[in-house]
Structures are given as structure tokens and as C-alpha cells.
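K.L.:
Below is the structure I would like to discuss, written out as C-alpha cells.
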Amino acid sequence: MIQYALICEEGHRFESWFKSASAFETLEKAGHLSCGVCGGSNVKKAVMAPRVASHRTEQEAAPLSKPKSDAEAALAALRKHVEDNADYVGGRFAEEARSMYLGAMPERAIYGEANGAEAKALIEDGVPVAPLPFVPNRKSN
Numbered sequence: 242m243i244q245y246a247l248i249c250e251e252g253h254r255f256e257s258w259f260k261s262a263s264a265f266e267t268l269e270k271a272g273h274l275s276c277g278v279c280g281g282s283n284v285k286k287a288v289m290a291p292r293v294a295s296h297r298t299e300q301e302a303a304p305l306s307k308p309k310s311d312a313e314a315a316l317a318a319l320r321k322h323v324e325d326n327a328d329y330v331g332g333r334f335a336e337e338a339r340s341m342y343l344g345a346m347p348e349r350a351i352y353g354e355a356n357g358a359e360a361k362a363l364i365e366d367g368v369p370v371a372p373l374p375f376v377p378n379r380k381s382n
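With the sequence shown counted from 1, adding 241 to any position gets you my numbering.
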């Protein structure tokens, strides 16, 4: 395992563990990294000092950076609301949204990922969808 200091294009700094240096590079190239504060996907390694033993406890460790503006705070609140109240369906988003629209499955709040062609087809067919202003965490509820 290896720990890297990371920074997003908005300047949020955070740390994360990876299986190996090559695992980090693979995830970075595939666009599977996201900022823990704003959800931005442009995440790079930051300069990191070697860890030296100290008397600080885990509870005293610095938290992720705070949102820099009211807009970032609002986006963080929106993200939390979506993640707390909707099911993440990943790449099945277009299929599930269309199935609910056609009545083939019960309606529920979902979020996930769709490519441009899938999103365009959903909109053209009248399926009520909207883009999210953040990259979803890749998890399942």
C-alpha cells in the first residue's frame, strides 16, 4: 500500500491510499479519481513530505480543506443530498432511467453515469433527466 497527497484543480488537498504506484497511475489515466471536497475529477499528486512519527493522534489530524465559497458549500450540500437520497446505478443509468420512464420498473431516485449519446437519447425521448454538477462517487447504495 502507498499513500499519496493529492490536490484537485480547485486547490483542495487530501490524502488517499493505493495498492501500488501503478494502481494510482491506472486509476488516474482512467479518470477514476475524484476530489473528496468538490468531486472534481482533475486530481494529481501533490508534493508530500515524508511522514515522521509525532505525538498527534488521529483525531488531531487536519480534515479535508473547507469549501472556499458559498457556491462550493452549496455543491457539497447538493452532492450529500443526492448521495443520501438516491441509488447509485453507475453505467446502468440510461437503461434504468428509461425503464422507469416506460413503467417497466418502479420509480425511484437514481444517479449514475451516461455517455453523451445515451444522455441525448434520453432527453430526445422525454425522459426527465438532468446532469449533476459533480462526478459521482463510484459506490453502490
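Even glycine gets a Cβ: it sits at the ideal position worked out from N, Cα and C.
1. Quick one: what does DSSP say Glu251 is sitting in, helix, strand or coil?
2. In this structure, what does DSSP give as the bridge partners for Phe259?
3. For Glu337, which residues from the same chain have a beta carbon less than 6 Å from its beta carbon, with the 5 sequence-adjacent residues on both sides left out?
4. Going by DSSP, what residue range makes up the alpha helix (DSSP H) through Gly353?
5. Looking at Ala271 and Glu256, is the spacing between their C-beta atoms short of 8 Å?
6. Can the beta-carbon of Asp281 be found less than 8 Å from the beta-carbon of Val376?
7. If you follow the beta strand (DSSP E) that Asp325 is part of, which residue opens it and which one closes it?
8. Taking C-alpha atoms, which residue in Glu359, His273, Ser275 lies nearest to Gly367?
9. Compare the Cα-Cα distances from Lys307 to each of Leu373, Lys321, Arg254, Lys286 and report the closest residue.
10. According to DSSP, Val284 sits in a beta bridge with which residue or residues?
11. Please report the residue range of the alpha helix (DSSP H) in which Phe334 lies.
12. Tell me which same chain residues have a C-beta within less than 8 Å of the C-beta of Gly353, skipping the five on either side of it?
13. Any idea if Ser275 is buried or exposed, counting beta-carbon neighbours within 10 angstroms, 16 or more meaning buried?
P.N.:
Per the coordinate set shown:
1. For this step, residue 251 is matched to residue 10 along the sequence shown. In the structure shown, Glu251 sits in coil (DSSP, three-state: anything other than H, G, I, E or B).
2. For the purposes of this step, residue 259 is taken as residue 18 along the sequence shown, with counting starting at 1. In the DSSP output, where bridge partners are listed per residue, Phe259 has Ile243.
3. Residue 337 sits at position 96 when you count from the first residue of the sequence shown. Correct list, in chain order: Val330, Ile351.
4. Here residue 353 corresponds to residue number 112 of the sequence shown, with the count starting at 1. No alpha helix (DSSP H) holds Gly353; the beta strand (DSSP E) holding it covers 351 to 353.
5. Walking along the sequence shown from the start, residue 256 turns up at place 15. Walking along the sequence shown from the start, residue 271 turns up at place 30. Between Glu256 and Ala271, the C-beta gap is not smaller than 8 Å, which leaves the two residues out of contact.
6. Translated into the one-based positions of the sequence shown, residue 281 becomes position 40. Translated into the one-based positions of the sequence shown, residue 376 becomes position 135. Note on identity: in this sequence residue 281 is Gly, with Asp being the wrong assignment. Yes, they are a contact pair.
7. In the sequence shown, the residue the question calls residue 325 occupies position 84. Not the beta strand (DSSP E): Asp325 falls in the alpha helix (DSSP H), residues 311 to 326.
8. Here residue 367 refers to the residue found at position 126 of the sequence shown. The shortest Cα separation from Gly367 among Glu359, His273, Ser275 belongs to Glu359.
9. As a working mapping, residue 307 is identified with position 66 in the sequence shown. For Lys307, the nearest C-alpha among the options comes from Arg254.
10. Numbered from 1 along the sequence shown, position 43 holds the residue referred to as residue 284. DSSP lists Cys249 as partners of Val284.
11. For the purposes of this step, residue 334 is taken as residue 93 along the sequence shown, with counting starting at 1. First-last of the alpha helix (DSSP H) with Phe334: 334 to 342.
12. Locating residue 353 in the sequence shown gives position 112, counting from the first residue. Around Gly353: Tyr329, Val330, Gly331, Gly332, Arg333, Phe334, Glu337, Pro377.
13. If you number the sequence shown from 1, residue 275 lands on position 34. Counting Cβ neighbours within 10 Å, Ser275 comes out buried, since at least 16 surround it.
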